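Chemist: For any residue, its number in this note's numbering is found by taking its place in the sequence shown, counting from 1, and adding 30. Okay, here's the structure, questions in a sec.
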Amino acid sequence: MTTRRLQSTSEDIKTAAALLQAGQLVAIPTETVYGLAANALDKDAVASIFVAKGRPQDNPLIVHIGELEQLNSLVTDIPDIAEKLAKAFWPGPLTMIFKKNDCVPSIVSANLDTVAIRFPVHPIARQIINASGCPLAAPSANVSGSPSPTTAQHVKNDLDGRIAAIVDGGACEVGVESTVLSVLGDTPRLLRPGGITVSMIESVIGPITIDPAVTHQRQKDAVVASPGMKYKHYSPKAKVILLNGSAEKVTSYINAHAEEDTWALCFEGEEQGLTVPYLTYGKRDNQEDQAKHVFDALRHADEVGAKILYTSCPSQEGVGLAVYNRLLRAAAFEVIHLEE
Ligand code: TXA
Ligand code: MG
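So, in structure tokens, the structure goes:
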């Protein structure tokens, strides 16, 4: 199939909406990363998402809404805390897990009785959802296992010829996927850190639990709250190794351990003294900037043929927790702590 390249003109938005109504797959920009969208209420369309991405069937999808009222028909109950969080952060990069209504096909939620709902703030995403008239199931628009796409070109590299269209909305603002929070049970639980930070959430609803899988490797057959957490994810072809330490320690470690096709992925401004080629992903103290560039940098590392990618370990403050969580998975949890 030929993948059409669409822009954000009203005509192209209509075309994208018509393709979605016809059960086709369309990649759309959001404020976090590009999503691979299908009509969430059409189980055949949703099934084709899993095929196009090569995604394991037991990894549930997020349903995207274009207006708050759409939530009511998709879930059976809206807890008070969810209402407060929706008021504070929707539309925006927060996904909440609710009890699922029967109208949502079980393939969307991988047979769980819950469903993940997100109300994106990106104007093009909202326009497409609203023009299509249906909620849209949309995982990140990458081939399963590769870094999430933050530009239309990333999507094209992964999915050209496998989907009906890509809507180009430029580079994504946040750069890492949405925060996923379960609002079920007694204490809300963070399943995936993202653009809406723990302290932002806690300022609205008080203390939340952070699922151990956010920062730690789970045992092979441990039961996980969110199936997505058990996959390696965000994994470039290069072997990623996180180095936790000052710029000087990181530089001297890399120089001492450089082999053929070793690259560094360091913070901007910390390149001096490296004897290997390098990429950067934002300044050490600018977590937002790191989030915006981290996936592009991982993709770039593959393009230049890096075999080993020594990466400066980000702090876990604010959005940094999301960057750390993604890099930890890219590194298959391999972190080397350099003595300070
Ligand atoms: O920012 C985002 O969330 C992007 C854009 C496109 O909106 N989407 C995205 O989707 O990142 P995906 O499929 O790559 O990640 C969805 C995550 C997975 O880790 C999945 O396991 C989790 O959400 N999830 C989905 N439904 C769930 C459920 N019912 N219970 C627990 N976790 C769920
Ligand atoms: Mg994904």
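The beta-carbon is built from N, C-alpha and C at its ideal position, and this holds for glycine as well. Remember, predicted model here, so these are calculated numbers, not experimental data.
Determine, using beta-carbon pairs with one atom in the stretch 345-356 and one in the stretch 222-231, whether at least three such pairs fall under 8 Å.
Modeler: yes
Chemist: If you compare alpha carbons, which of Arg-248, Arg-222 and Leu-272 is closest to Ile-238?
Modeler: By one-based count along the sequence shown, residue 238 stands at place 208. Per the Cα distances, Arg-222.
Chemist: Less than 6 Å between C-beta atoms, sequence neighbours within five positions excluded: which residues of the same chain meet that for Lys-322?
Modeler: Residue numbering aside, residue 322 sits at position 292 when the sequence shown is read from its first letter. Correct list, in chain order: Gly-205.
Chemist: For the pair the stretch 140-152 and the stretch 43-50, tell me if three or more CB-CB distances fall below 8 Å.
Modeler: no
Chemist: Can you name the start and end residues of the beta strand (DSSP E) that Val-56 belongs to?
Modeler: Residue mapping note: residue 56 aligns to position 26 of the sequence shown, counting from 1. Under the DSSP assignment, Val-56 falls in the beta strand (DSSP E) whose first and last residues are 56-58.
Chemist: Can the beta-carbon of Thr-22 be found less than 8 Å from the beta-carbon of Ile-193?
Modeler: With the chain running from 31 to 370 in the structure shown, residue 22 is simply not present.
Chemist: For a test of the three-state rule: what should DSSP assign to Tyr-375, helix, strand or coil?
Modeler: Any property of residue 375 remains undetermined from this structure, which presents the chain solely from 31 to 370.
Chemist: Nearest CA to the CA of Ala-68: which residue from Ala-77, Lys-267, Leu-328 and Lys-129?
Modeler: Within the sequence shown, residue 68 is the residue found at index 38, counting from 1. Comparing Cα positions, the closest option is Ala-77.
Chemist: Mind reading off the beta-carbon distance from Ile-284 to Val-306? Whole number of angstroms is fine, and I expect it under 8 Å.
Modeler: By 1-based counting over the sequence shown, the position of residue 284 is 254. By 1-based counting over the sequence shown, the position of residue 306 is 276. Between Val-306 and Ile-284 the Cβ distance is about 6 Å, and since that is below 8 Å, they are a contact.
Chemist: Regarding Ser-178 and the ligand MG, is the C-beta to nearest heavy atom distance less than 7 Å?
Modeler: Mapped onto the sequence shown, residue 178 falls at position 148. Flag set: Cβ of Ser-178 near the ligand MG.
Chemist: Do Phe-297 and Lys-313 have their beta-carbon atoms positioned less than 8 Å apart in this structure?
Modeler: Reading the sequence shown from its first residue, position 283 is the one you call residue 313. Reading the sequence shown from its first residue, position 267 is the one you call residue 297. Yes, the pair counts as a contact, with Cβ atoms nearer than the cut-off.
Chemist: Thinking just about the alpha-carbon of each residue, which of Met-31, Pro-90 and Ile-95 is nearest to the one in Thr-371?
Modeler: This structure does not reach residue 371, given that the chain is present from 31 up to 370, and the question cannot be answered.
Chemist: Compute the minimum distance between the beta carbon of Ser-364 and the heavy atoms of the ligand MG, and state whether it is under 7 Å.
Modeler: Here residue 364 refers to the residue found at position 334 of the sequence shown. A small fix is needed here, since residue 364 is Glu in this sequence, not Ser. Checking every heavy atom of the ligand MG against the Cβ of Glu-364, none is found closer than 7 Å.
Chemist: Between which residues of its own chain and Gly-175 is the CB-CB distance below 6 Å, once the five residues before and five after are set aside?
Modeler: Residue mapping note: residue 175 aligns to position 145 of the sequence shown, counting from 1. If you ignore the 5 residues before and after Gly-175, its C-beta comes within less than 6 Å of the C-beta of Ser-265, all in its own chain and listed in chain order.
Chemist: In chain order, which beta strand (DSSP E) runs of at least 3 residues are fully inside the stretch 222-247?
Modeler: none
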